[in-house]
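Chemist: Take a look at the following structure, please.
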Amino acid sequence: MKCPVCETQHTENDIEICSVCGYDLTPYPPVLGQIPPEFLEKEKKRILAAKRVWERSQMIVSQFQTQLDGIVEKIDRLTQEQNQQQWVNLQSQLDEINQKIDRLTREESQPSISELLSQQETKIQEAIESPLKPIQDEQKKQPKREEIPLKSSSGWNYSKLKDFLESGNWKAADEETAKIMLAVAGRTKAGWLNVDDINQFPCEDLRIIDHLWVKYSNGRFGFSVQKQIYINCGGKPDGNYPGDTIWYKFCDEVGWRVNESFIDVDGIKYDFGASRGHLPNVSAVWWFLAFVFFSRAEACNL
Numbered sequence: 002m003k004c005p006v007c008e009t010q011h012t013e014n015d016i017e018i019c020s021v022c023g024y025d026l027t028p029y030p031p032v033l034g035q036i037p038p039e040f041l042e043k044e045k046k047r048i049l050a051a052k053r054v055w056e057r058s059q060m061i062v063s064q065f066q067t068q069l070d071g072i073v074e075k076i077d078r079l080t081q082e083q084n085q086q087q088w089v090n091l092q093s094q095l096d097e098i099n100q101k102i103d104r105l106t107r108e109e110s111q112p113s114i115s116e117l118l119s120q121q122e123t124k125i126q127e128a129i130e131s132p133l134k135p136i137q138d139e140q141k142k143q144p145k146r147e148e149i150p151l152k153s154s155s156g157w158n159y160s161k162l163k164d165f166l167e168s169g170n171w172k173a174a175d176e177e178t179a180k181i182m183l184a185v186a187g188r189t190k191a192g193w194l195n196v197d198d199i200n201q202f203p204c205e206d207l208r209i210i211d212h213l214w215v216k217y218s219n220g221r222f223g224f225s226v227q228k229q230i231y232i233n234c235g236g237k238p239d240g241n242y243p244g245d246t247i248w249y250k251f252c253d254e255v256g257w258r259v260n261e262s263f264i265d266v267d268g269i270k271y272d273f274g275a276s277r278g279h280l281p282n283v284s285a286v287w288w289f290l291a292f293v294f295f296s297r298a299e300a301c302n303l
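To convert, note that position 272 of the sequence shown is 273 in the numbering used here; the numbers rise steadily by one, no gaps.
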């Protein structure tokens, strides 16, 4: 049996619907007498209309298939071009690496590749450990914590400062630090320290103050921490002004300068989230002469 629409051949009486176009292939029921000619003519027209629809749909499918084939071809071509470009780039990188290896092996005065790799690993390790260096240096310079007295030969008792720091009361600790420094230097009435006061400040008291700050901030705050940041920014602890570039960089690092403007007293952050080296600030005492103070810190082995 052949489908009258799509002309697909089917085995006789084994199917009711054409598997290709879906046309009804069931036979007409038996009738008595002759089938009216009008019915046959109408049926022919119906089949012809269905056939035209089928042919039209097949033409559209063919057009879409052609377009799809073209798209697939373009994708394949672009993929090949991309792969080729990637291969060229990789080959270029490989050639460059080979040239470097050849140059290193030819030059006897140059270290071996293994030595270069070892040097690079050392640099990476140093970069990882560098943030810990100020704390490690501080620990080496300072005597054991239990040996640090809370009372200096100047007669000042540091128990209150210890209590403030131990409880995380950074604002009270900063104010107590300023009070102590003015008292030790005999400048309580003046309310600030000059260059001579800073250069003559007792090392013992300075070490006690710094030790307490470093200890209870876990190495985040303290004079020795500030001094190391100052040096890392290019400053020299010689008591001389380092120039605006280095000074501004240092102040930016410790959070004393924000958005190219120096902070005022209200801008000081008294919390553990403040920048490293932000405290002690004691701005009313020596902030504008911090670079001089770092010279004293260096002399006192902070």
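By construction, the Cβ of each residue, glycine as well, lies at the ideal position given by its N, Cα and C atoms. Just so you know, these numbers come straight off a predicted model, no measurement behind them.
Strictly by DSSP, which residues pair up with R277?
Modeler: Note: R277 sits in no beta bridge, so no partner.
Chemist: Looking only at its own chain, which residues have a Cβ that is under 6 Å from the Cβ of E8, when we skip the five neighbours before and after it?
Modeler: none
Chemist: Could you check what DSSP says for N158 in three-state terms: helix, strand or coil?
Modeler: strand
Chemist: From S155, I210 and S160, pick the residue whose C-alpha is nearest to that of V185; which is it?
Modeler: S155
Chemist: How should F263 be labelled, buried or exposed, when 16 other C-beta atoms within 10 angstroms of its C-beta is the threshold for buried?
Modeler: exposed
Chemist: Closest by CA to I232, which one among F251, R221 and N241?
Modeler: F251
Chemist: According to DSSP, simplified to helix, strand and coil, what is R258?
Modeler: strand
Chemist: Would you call A174 buried or exposed, if buried means 16 or more other Cβ atoms sit within 10 Å of its Cβ?
Modeler: buried
Chemist: So, are the CB atoms of R221 and G278 less than 9 Å apart?
Modeler: Against a cut-off of 9 Å, the Cβ pair of G278 and R221 comes out as a contact.
Chemist: Quick check on DSSP: helix, strand or coil for D25?
Modeler: strand
Chemist: Note down the Cα distance separating A275 from S153, rounded to an integer number of angstroms.
Modeler: Those two C-alpha atoms are separated by around 29 Å.
Chemist: For D272 versus W193, is the C-beta distance shorter than 9 Å?
Modeler: no
Chemist: Using 8 Å as the Cβ pair cut-off and three pairs as the minimum, do the stretch 19-27 and the stretch 38-46 touch?
Modeler: no
Chemist: Quick one: measure Cβ to Cβ for Y159 and L213, integer angstroms, because I've assumed they're closer than 8 Å.
Modeler: 7 Å
Chemist: Report the residue from C204, N260 and K3 whose alpha carbon sits nearest the alpha carbon of T1.
Modeler: Coverage of the chain is limited to positions 2 through 303, which leaves residue 1 absent and any answer about it impossible.
Chemist: Looking only at C-alpha atoms, which of V6, D77, S63 and A179 sits nearest to I1?
Modeler: No answer is possible for residue 1: the residues shown for the chain start at 2 and end at 303.
Chemist: Pick helix, strand or coil for K152, following the three-state DSSP scheme.
Modeler: Three-state DSSP puts K152 in a strand.
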